[in-house]
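Have a look at the structure below before the remarks.
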């Protein structure tokens, strides 16, 4: 496909995700538990994708050396600041949004054993795809994360396109209908609702940062645009498959 055709397909995939049945299906605490048990993998691999961008654009070097593109470094560092050490709304202190999410899981009574086993395996140096599968994550989540991690070996523009289209620009579109549905149905989920609200709030700015970053990379390497948009479309389709799998899993708790 041409760049314009890919861009149109990306927009269509985002619309499909924003209008997905999953936000209507998650209508009870039991189904919400199914959702978060699957979705926590996305929260973790989001950070891996983001840190891969930071490692290229604002690498840690000792002795220090100025970043090649300070504007790009600032754009990615501003996102990392919120995602990795945000101020919590439900207790004192700061934490990553991943920790926020896992503590929301605890509040909901969702088993965090798979997450704890996964992190322990990573500390031992295990391959993350194998570790996630062996730690007891749902199969659909493992497939999604494996697809995400495969992008880490792609050129910077591809990763930035996946991050912008598949994450920062997409997340508010998905979380708004979800949090509205949870509140409408009166499902108690204080920490999770706070997490969703915070992402809706910060991802407006993060989306602008990610978009500006992608435009800088496209300007520097226009030949990468088709490959990058192809990657973004594949990432969106992977999310659609995950959402479909969660809907199917929710049907099993009825």
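In the numbering used here, the protein residues as written are 339 to 592.
We put the CB at the ideal spot given by N, CA and C, even for glycine.
Give the single residue among the options whose Cα lies nearest to the Cα of residue i.
i           : options               : result
residue 393 : 480, 415 and 456      : 415
residue 417 : 585, 374 and 498      : 498
residue 504 : 577, 478 and 528      : 577
residue 383 : 531, 362, 453 and 551 : 453
residue 411 : 589, 550 and 472      : 550
residue 436 : 516, 465, 385 and 444 : 385
residue 306 : 433, 387, 395 and 423 : What the structure shows of the chain is the stretch from 339 to 592, and residue 306 is not part of that stretch, so it cannot be assessed.
residue 306 : 562, 538, 449 and 575 : What is shown of the chain runs 339 to 592, which leaves residue 306 out entirely.
residue 495 : 560, 344 and 543      : 560
residue 476 : 343, 344, 371 and 387 : 371
residue 354 : 579, 590, 589 and 463 : 579
residue 514 : 492, 552 and 537      : 537
residue 387 : 428, 500 and 451      : 500
residue 428 : 535, 464 and 458      : 535
residue 492 : 589, 566, 465 and 407 : 566
residue 451 : 381, 345 and 473      : 473
residue 558 : 447, 407 and 344      : 407
Mind reading off the beta-carbon distance from residue i to residue j? Whole number of angstroms is fine, and I expect it under 8 angstroms.
i           : j           : result
residue 339 : residue 350 : Contact doesn't hold; Cβ gap of about 12 angstroms is too wide.
residue 358 : residue 587 : Actually they are not in contact, since the Cβ atoms of residue 358 and residue 587 sit about 14 angstroms apart, beyond 8 angstroms.
Excluding the 5 residues preceding and the 5 following residue i in the sequence, name in chain order all residues of the same chain whose CB lies nearer than 7 angstroms to its CB.
i           : result
residue 470 : 379, 456, 480 and 483
residue 390 : 490 and 497
residue 360 : 581, 584 and 585
residue 575 : 351
residue 426 : 432, 433 and 438
residue 547 : 413, 416 and 417
Helix or strand or just coil, what does DSSP make of residue i?
i           : result
residue 377 : helix
residue 433 : strand
residue 424 : strand
residue 357 : coil
residue 405 : coil
residue 527 : coil
residue 450 : coil
residue 445 : helix
residue 535 : helix
residue 496 : helix
residue 510 : helix
residue 289 : The first residue shown for the chain is 339 and the last is 592, placing residue 289 beyond what the model contains.
residue 502 : helix
residue 398 : coil
residue 351 : helix
residue 545 : helix
residue 341 : helix
Who are the Cβ neighbours of residue i in its own chain at under 6 angstroms, not counting the five residues just before and after it?
i           : result
residue 511 : 356
residue 442 : 529, 530 and 533
residue 516 : 361
residue 434 : 422
residue 594 : There is no way to answer for residue 594, as the model of the chain reaches only from 339 to 592.
residue 420 : 540
residue 519 : 361
residue 459 : 469
Quick one: what's got a C-beta closer than 8 angstroms to residue i's C-beta in the same chain, skipping five residues either side?
i           : result
residue 526 : 367
residue 467 : 480, 483, 484 and 487
residue 301 : In this structure the chain extends from 339 to 592, so residue 301 is not present and cannot be described.
residue 521 : 531
(Q) Pairs of beta-carbons, one from the region 392-409 and one from the region 362-372, closer than 8 angstroms: are there three or more? (A) no
(Q) Check whether the region 504-520 and the region 565-582 touch, using three or more Cβ-Cβ pairs below 8 angstroms as the test. (A) A contact is defined here as three or more CB-CB pairs under 8 angstroms, and the region 504-520 meets this definition with respect to the region 565-582.
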